[in-house]
Structures are given as structure tokens and as C-alpha cells.
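Participant: In this text, residue positions in the sequence shown follow our numbering: the first is 6, and each later residue adds one.
Beta carbons are placed, not taken as given, at the ideal position from N, Cα and C, and that holds for glycine.
Supplied in C-alpha cells, the structure appears directly below.
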Amino acid sequence: MRLPIPDPRDVMALAARGPALAEAVVSAVPRGLALLTAAEQLVARAAVLIEEIDATRQAADEVVARTNETVDSANAVIVRTAGTVASVEPTLQRAERLLDTFVPTLERLHPVIDRLAETTDPQEVDALVGLVDHLPQLVERLESDILPMLANLKTVAPDIHDMLDVTRELNLMLAKLPGMGRIKKRVDEQQELEQD
Numbered sequence: 006m007r008l009p010i011p012d013p014r015d016v017m018a019l020a021a022r023g024p025a026l027a028e029a030v031v032s033a034v035p036r037g038l039a040l041l042t043a044a045e046q047l048v049a050r051a052a053v054l055i056e057e058i059d060a061t062r063q064a065a066d067e068v069v070a071r072t073n074e075t076v077d078s079a080n081a082v083i084v085r086t087a088g089t090v091a092s093v094e095p096t097l098q099r100a101e102r103l104l105d106t107f108v109p110t111l112e113r114l115h116p117v118i119d120r121l122a123e124t125t126d127p128q129e130v131d132a133l134v135g136l137v138d139h140l141p142q143l144v145e146r147l148e149s150d151i152l153p154m155l156a157n158l159k160t161v162a163p164d165i166h167d168m169l170d171v172t173r174e175l176n177l178m179l180a181k182l183p184g185m186g187r188i189k190k191r192v193d194e195q196q197e198l199e200q201d
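Here's what the structure looks like:
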């Protein structure tokens with residue numbers, strides 16, 4: 006590309022326009038200065054914005070880091086929870102089988118339990134608790150005192166039968182003695198009075 010070389014006519018035309026150009030240049034200087042000032046203000050505001058953006062980016066980086074830590078913690082909790090759920094599943098299955106086994110029985114017992122709840126007095130519950138508290142002593146007494154006595158009754162029973170037989174024979178013999186009928190009648194009357 007060729008560069009135009011000015012000739013004398015161009016120089017003359019330029020000189021004729023010189024005062025207008027000089028005036029335009031002089032009038033453009035304040036506008037240029039105003040533009041330069043506005044540009045400086047824009048650069049200053051841009052610097053502040055860049056600092057704010059950088060601070061926001063750093064805060065966002067911190068939030069992302071904390072979020073990552075929270076996600077890692079949540080993942081650890083999820084893993085532990087999954088392990089707990091896996092260890093609980095057999096227990097839940099056993100409990101479910103037990104419930105399935107006992108449901109028919111519980112349904113049959115439901116009216117009985119309702120009736121028991123309606124008719125049981127708190128004093129009866131207290132008495133039952135007291136009885137349960139005394140059960141160890143009762144069992145001990147039963148084993149140490151009553152059961153040995155019952156075992157002895159087996160050997161005493163024939164002796165008691167023999168004594169009853171002897172008593173009957175004595176009654177028969179006494180009935181044959183003279184005057185015993187009147188004594189017997191008085192004894193029977195006394196017994197009737199005592200019973201009344």
C-alpha cells in the first residue's frame with residue numbers, strides 16, 4: 006500500500022484550516038481532560054469492584070470448602086447409618102416373625118385384657134404385688150414345713166383309721182352300759198345348743 010505524500014497544495018489547504026483546527030484542538034482539551042478524569046474514576050471503581058469480587062470469590066471458596074467438609078461428614082454418617090441399618094435388619098426380621106407368630110394369640114387375648122383392665126382395682130394390683138413379694142418366703146415355708154408334714158400324713162393315715170375303728174367300738178360298748186342313753190342324749194342336746 007502506498008502512502009500519500011503531501012504536496013504543496015495540501016500544505017496550503019492545511020494552513021488555511023489551521024486556525025479552525027487549532028480552535029478545535031483547544032476546545033477538545035477540556036473534553037479530553039474530562040474524559041481522562043472519568044477514565045481514572047472508572048479505573049478506581051473497577052479496582053474496588055475487582056477487590057470485592059476477589060473477596061467474594063475467597064468467601065465462596067471458604068463456603069465450598071466447608072460444604073465439602075459437611076458433605077464428607079454426611080457421607081461418613083450415611084456409611085455408619087447404612088452399617089447400623091444392615092445390623093438391625095436381622096433383628097427386625099426376627100421381631101417381625103415373632104409378631105406374626107403372636108398376633109393370633111394377642112387377638113384372642115384382647116377381650117380378656119380389656120375386661121381385666123376394666124375390672125381391676127388399683128388396690129388389687131397392690132395386693133398382687135405384695136403377694137409376689139412374699140412368694141419366696143411362701144415357697145420356702147412350703148418346702149421346709151408343709152411338704153414334710155404331708156409326707157408324714159401318708160404314714161399317719163392308717164393309724165388314724167385304726168383309732169377311728171377303736172373309737173367306734175368304744176362307742177358301741179358305752180352304749181350298752183346302763184344309763185348311758187340319758188348321758189348321750191344330754192351331750193347331743195348340748196352340742197345342738199352350741200351349734201345354734
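Is it true that the CB of leucine 179 sits closer than 8 Å to the CB of methionine 185?
Facilitator: yes
Participant: What separation, rounded to the nearest whole angstrom, lies between the Cα atoms of leucine 158 and arginine 173?
Facilitator: 22 Å
Participant: Starting from threonine 160 and walking both ways along the alpha helix (DSSP H), at which residues does that stretch end?
Facilitator: 152-180
Participant: Nearest-angstrom Cα distance between alanine 122 and phenylalanine 107?
Facilitator: 20 Å
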